[in-house]
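Chemist:
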Amino acid sequence: MITELTFAVLKYAFLILLWVFVWVITRSLYKDVAAYSPRKSRARRRKEREVRKQSDSVSAPAQPAAPLAAPRATQSTVAGAGVGGGNGNASPTLLVIIDGPLAGTSVPLNSSVITLGRAASNTVVLDDEFVSSHHARVYPDAASGSWAIEDLHSTNGTVVNQQRISTPTILAPRVPVRIGATTFELR
Numbered sequence: 001m002i003t004e005l006t007f008a009v010l011k012y013a014f015l016i017l018l019w020v021f022v023w024v025i026t027r028s029l030y031k032d033v034a035a036y037s038p039r040k041s042r043a044r045r046r047k048e049r050e051v052r053k054q055s056d057s058v059s060a061p062a063q064p065a066a067p068l069a070a071p072r073a074t075q076s077t078v079a080g081a082g083v084g085g086g087n088g089n090a091s092p093t094l095l096v097i098i099d100g101p102l103a104g105t106s107v108p109l110n111s112s113v114i115t116l117g118r119a120a121s122n123t124v125v126l127d128d129e130f131v132s133s134h135h136a137r138v139y140p141d142a143a144s145g146s147w148a149i150e151d152l153h154s155t156n157g158t159v160v161n162q163q164r165i166s167t168p169t170i171l172a173p174r175v176p177v178r179i180g181a182t183t184f185e186l187r
């Protein structure tokens with residue numbers, strides 16, 4: 001027959017096995033949710049902030065995104081940061097996807113509008129369930145002479161420099177823009 005000691009050992013071994021099973025299921029669910037979430041974890045965002053701060057301290061600091069309705073700088077500053085003219089360093093020439101399924105892809109910036117979304121008619125097609133069919137557009141703003149981004153009334157929104165936008169916003173070079181799981185910037 002089974003002694004009391006054997007029964008107690010089996011009982012505690014089963015209890016430990018049950019808790020290991022619960023832990024494995026919880027970890028698996030957490031990884032699945034984290035993998036499909038368009039929002040990055042706090043640790044990853046913190047790491048990216050540190051890398052961005054280090055690169056900003058080495059290079060010139062990037063200007064934060066400003067709404068189109070904000071007061072403009074002097075005419076000489078605006079003219080230098082134009083879409084097609086100005087010096088080569090001030091005017092971005094590429095839209096570069098830095099994170100997401102299309103990471104490493106770049107689209108040249110000319111004077112035409114760049115549309116982003118799931119539909120095949122977009123300039124940049126993002127195959128992501130968190131992206132609307134016509135999600136956003138990046139275009140040269142005639143008033144400021146800079147590039148601007150506009151959210152096209154998407155469901156999940158467009159995030160510029162960690163701020164969700166609702167109005168057309170001027171895009172400075174190296175300012176991260178997140179649409180679904182994709183992050184891009186102008187360079």
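So the sequence shown is residues 1 to 187, counted in the UniProt record's numbering. Every residue, glycine too, gets a C-beta built ideally from N, C-alpha and C.
Can you tell me whether alanine 13 is helix, strand or coil according to DSSP?
Modeler: Helix at alanine 13.
Chemist: So within the UniProt domain "FHA" (114-165), which uninterrupted beta strand (DSSP E) runs reach at least 3 residues, ignoring any that extend past its ends?
Modeler: Listed in chain order, the complete beta strand (DSSP E) runs (minimum 3 residues) inside the UniProt domain "FHA" (114-165) are 114-117, 136-140, 147-151, 158-160 and 163-165.
Chemist: So glutamate 150 packs on arginine 137, CB below 8 Å; how close in whole Å?
Modeler: Confirmed, about 5 Å.
Chemist: Is the Cβ-Cβ distance between threonine 169 and valine 160 less than 8 Å?
Modeler: Yes. Within cutoff.
Chemist: Give a yes or no on whether the minimum CB-CB distance between serine 154 and chain D is below 8 Å.
Modeler: Among the chains in the structure shown there is no chain D, since it carries only a single protein chain.
Chemist: Please go through the same chain and pick out, in chain order, the residues whose beta-carbon is closer than 8 Å to the beta-carbon of leucine 102, but skip the five residues on each side of it.
Modeler: The residues are Val124, Leu126 and Thr182.
Chemist: To the nearest angstrom, how far is the alpha carbon of glutamate 129 from that of glutamate 50?
Modeler: Looking at the two C-alpha atoms, the distance is approximately 29 Å.
Chemist: Find out if the Cβ-Cβ distance for the pair valine 131, isoleucine 97 is shorter than 8 Å.
Modeler: Cβ distance not < 8 Å, so valine 131 and isoleucine 97 don't count as in contact.
Chemist: Using only the alpha-carbon positions, how far apart do alanine 34 and arginine 44 sit?
Modeler: Taking the straight line from one Cα to the other gives about 11 Å.
Chemist: Could you tell me the boundaries of the beta strand (DSSP E) in which isoleucine 179 lies?
Modeler: Taken as a continuous stretch (DSSP letters only), the beta strand (DSSP E) holding isoleucine 179 covers 177-179.
Chemist: Please work out which residues of its chain come closer than 7 Å, Cβ to Cβ, to valine 9, disregarding the five sequence neighbours upstream and downstream, and give them in chain order.
Modeler: Closer than 7 Å at Cβ, skipping near neighbours: no residue.
Chemist: Assign arginine 174 to buried or exposed, taking buried as 16 or more other Cβ atoms, counted over all protein chains shown, within 10 Å of its Cβ.
Modeler: Buried, by the Cβ-count rule.
Chemist: Sort out for me which residues DSSP pairs phenylalanine 184 with in a bridge.
Modeler: In DSSP, phenylalanine 184 forms a bridge with Ile97 and Val177.
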